[in-house]
Amino acid sequence: MSTHKLNIKLLKMNITIKYFGQLTDITQLEEETLEFGGTYVYELLETLYRKYNTLKTKDFQVAQNQELVNENTKITGQEIALLPPFAGG
Amino acid sequence: MSTHKLNIKLLKMNITIKYFGQLTDITQLEEETLEFGGTYVYELLETLYRKYNTLKTKDFQVAQNQELVNENTKITGQEIALLPPFAGG
Amino acid sequence: MKDKKPMKSVFKEGAITSEFIGNSIYKHQTKTSIGAHNIFLGQVRADDIDGKIVSAIEYTAYEDMANQKFHEIRESAFEKFDLTCMHIYHSLGTVKAGEICLFVFVSSPRRKVVFEALEYIVEAIKADVPVFGKEIFEDESHQWKVNS
Amino acid sequence: MKDKKPMKSVFKEGAITSEFIGNSIYKHQTKTSIGAHNIFLGQVRADDIDGKIVSAIEYTAYEDMANQKFHEIRESAFEKFDLTCMHIYHSLGTVKAGEICLFVFVSSPRRKVVFEALEYIVEAIKADVPVFGKEIFEDESHQWKVNS
Chain E
87 MSTHKLNIKL
97 LKMNITIKYF
107 GQLTDITQLE
117 EETLEFGGTY
127 VYELLETLYR
137 KYNTLKTKDF
147 QVAQNQELVN
157 ENTKITGQEI
167 ALLPPFAGG
Chain Z
87 MSTHKLNIKL
97 LKMNITIKYF
107 GQLTDITQLE
117 EETLEFGGTY
127 VYELLETLYR
137 KYNTLKTKDF
147 QVAQNQELVN
157 ENTKITGQEI
167 ALLPPFAGG
Chain G
120 MKDKKPMKSV
130 FKEGAITSEF
140 IGNSIYKHQT
150 KTSIGAHNIF
160 LGQVRADDID
170 GKIVSAIEYT
180 AYEDMANQKF
190 HEIRESAFEK
200 FDLTCMHIYH
210 SLGTVKAGEI
220 CLFVFVSSPR
230 RKVVFEALEY
240 IVEAIKADVP
250 VFGKEIFEDE
260 SHQWKVNS
Chain V
120 MKDKKPMKSV
130 FKEGAITSEF
140 IGNSIYKHQT
150 KTSIGAHNIF
160 LGQVRADDID
170 GKIVSAIEYT
180 AYEDMANQKF
190 HEIRESAFEK
200 FDLTCMHIYH
210 SLGTVKAGEI
220 CLFVFVSSPR
230 RKVVFEALEY
240 IVEAIKADVP
250 VFGKEIFEDE
260 SHQWKVNS
């Protein structure tokens, strides 16, 4: 991170990532806060895939501020959730 | 009935007629046994219409031995039921 | 697991209570192959008919034929649908407005089955079973109910 | 009569009891415009998966989003169907095999409405609400449930 220029550094934001269901078997935690310097959901996912190797093999959807989004959505919110297949009822 | 010939008279049978629902408002009884000399359901109904004037104006089905029959069915059973529209549930 | 019992009467004197229904649900908790229950309850409406309010329905039936029809509906439902259990109860006698007069309860491993089966059974009961309902108004006059 | 309350949690800790369901039915007997109730109950199955038996499901949820989704389903059901009442309860935490984890209850003056509405609501819950189920086997190993 020390190699980034100052103006980029100012655009970084803190994002809370929530993990649910089988994803918590991989992350071993339900929530964490990350400093994120990118723009799109897919960039955040790349960061997470580097951190959790097997996450990429799992089926999940992404919610931003409680609404489902796709990989090309811009990250605007503070809360991102990774949601494996639902099993209600 | 005294004008009928003897061999017809021997063919007469006793039939139990059951009345349900709104039909009992007309007949004022739920069940009666009649001596019937005819062959078909419509003949039995004619007999009943003579006995209960307003019965003819009512909507009902006829069951013989607990199965629905039509007017041209032969009377073979001992139990005939007059069933107005169902209102179960 | 299928509790296809020999023909029994589905009729109960008076209203079907919420305790009876709760207890019936409770009894199914030992049947651990069941994944979905679907319950239909018919409740007597305090309909306003030309300014008169229905206070109760008095149910009568051609009982022998009705039990035979209930039995046929039951057999046919078990044949058409993969049901684990099926129960039907219908009131006879007086059921007041707000009280329950029909309780149909189906259970299956899977949910799709119970939706289809329950609607099939309830429609068949309405169409085929000789039950009659005398709607009693608050002023004690009456009219005869007809299924729509 | 429509009891459209502001958003409230549909989640209950642990299993939904038959007494709770019976009591909920009882409370509707004062609503005399209702003619038909339809109830869906999801029950935990003791599935046999490769020789291991499911003894319980541990439910978790993304609660804020789930309550929002339940709220949307509720609003949309009231808009689509002529319902008098609608109630949804879903378990969180451990629900043992044979116990009830989902209770959906709809009521209307007419029966056709409740059949359509109940199936719509249950399918929407299964598809749209972020609830997760960890199937716990008798040997305490687990697998994650997926709706089919």
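Residue numbers (this note's numbering), protein chains in the order written: chain E, 87 to 175; chain Z, 87 to 175; chain G, 120 to 267; chain V, 120 to 267. Idealized CB from N, CA, C, for every residue including glycine.
Which of helix, strand or coil DSSP assigns to residue i
i        : result
V/Asn186 : helix
Z/Asn151 : coil
V/Lys123 : Confidence is the limiting factor: at V/Lys123 the pLDDT is only 49, short of 50, which leaves the residue's position unreliable, though a coordinate-based value still follows. Of the three classes helix, strand and coil, the one that applies to V/Lys123 here is coil, per DSSP.
E/Ser88  : With a pLDDT of only 49 at E/Ser88, under the threshold of 50, the placement of this residue in the model should not be trusted; the figure read from the coordinates follows. If DSSP states are grouped into helix, strand and coil, E/Ser88 belongs with coil.
E/Ile94  : A caution first: E/Ile94 carries a pLDDT of 49, below 50, which makes its placement in the model too unreliable to give a value.
E/Lys137 : helix
Z/Lys142 : helix
Z/Glu165 : strand
V/Glu259 : coil
E/Glu157 : coil
G/Glu254 : strand
E/Pro170 : coil
E/Gly175 : coil
Beta-carbon separation (whole angstroms), residue i vs residue j, contact threshold 8 Å
i        : j        : result
V/Leu65  : V/Ala236 : Past the edges of chain V, shown from 120 to 267, lies residue 65 of chain V, and the structure says nothing about it.
V/Asn250 : E/Gly124 : In the sequence on display, residue 250 of chain V carries Val and not Asn. Contact doesn't hold; Cβ gap of about 30 Å is too wide.
G/Ser227 : G/Ile153 : 7 Å
V/His209 : V/Phe130 : 6 Å
V/Ile176 : V/Ile255 : 7 Å
Z/Tyr138 : Z/Ile112 : 5 Å
V/Ser143 : V/Phe197 : Not a contact, Cβ separation roughly 18 Å.
E/Leu130 : E/Ile161 : 6 Å
Z/Gln108 : Z/Lys144 : 7 Å
G/Asn266 : Z/Pro171 : 7 Å
Z/Phe146 : Z/Leu120 : That belief does not hold up - the Cβ atoms of Z/Phe146 and Z/Leu120 are roughly 17 Å apart, past 8 Å.
V/Gln148 : G/Glu218 : 6 Å
E/Gln164 : E/Ile101 : 6 Å
G/Ser174 : G/Glu242 : Between G/Glu242 and G/Ser174 the Cβ distance is about 28 Å, and since that is not below 8 Å, they are no contact.
G/Thr151 : V/Arg164 : 6 Å
G/Thr268 : G/Gly141 : Nothing can be reported for residue 268 of chain G, as the shown portion of chain G is limited to 120 through 267.
V/Phe222 : V/Leu160 : 6 Å
Host alpha helix (DSSP H) of residue i (start-end)
i        : result
G/Glu242 : Arg230 to Asp247
Element boundaries [beta strand (DSSP E), containing residue i]
i        : result
G/Lys215 : Cys204 to Lys215
G/Phe130 : Phe130 to Glu132
G/Phe222 : Ile219 to Ser227
- Message: Tell me which residues of the segment 168-194 of chain G have at least one Cβ-Cβ distance to chain Z shorter than 9 Å, keeping chain order.
- Response: Ile176, Tyr178, Thr179, Ala180, Tyr181, Asp183, Met184, Ala185, Gln187 and Lys188
- Item | Near-chain V residues of the segment 138-157 of chain G - C-beta to any C-beta below 9 Å | Glu138, Phe139, Ile140, Gly141, Asn142, Ser143, Ile144, Tyr145, Lys146, His147, Gln148, Thr149, Lys150, Thr151, Ser152, Ile153, Gly154, Ala155, His156 and Asn157
- Task: Scan the segment 203-228 of chain G for residues whose Cβ lies nearer than 7 Å to a Cβ of chain V and list them as they occur along the chain.
- Result: Along the segment 203-228 of chain G, going in chain order, the ones with a CB nearer than 7 Å to a CB of chain V are Ala216, Gly217, Glu218 and Pro228.
- Residues from the segment 117-130 of chain Z in contact with chain G, defined by Cβ distance under 9 Å: Residues: none.
- Considering only residues of the segment 138-202 of chain V, which uninterrupted beta strand (DSSP E) runs meet the minimum length of 3 residues and lie entirely inside it, listed in chain order? 155-162 and 171-180
- Message: Threshold first: 3 residues or longer. Then list the beta strand (DSSP E) segments lying entirely within the segment 97-129 of chain Z, N to C.
- Response: 99-105 and 117-122
- Message: Output needed in chain order: residues of the segment 231-253 of chain G with a Cβ under 8 Å from some Cβ in chain Z.
- Response: Val241, Ile244, Lys245, Ala246, Asp247, Val248, Pro249, Val250, Phe251, Gly252 and Lys253
- Within 7 Å of chain A by C-beta, residues of the segment 147-171 of chain E in sequence order: Chain labels in this structure do not include chain A; the protein chains are E, Z, G and V.
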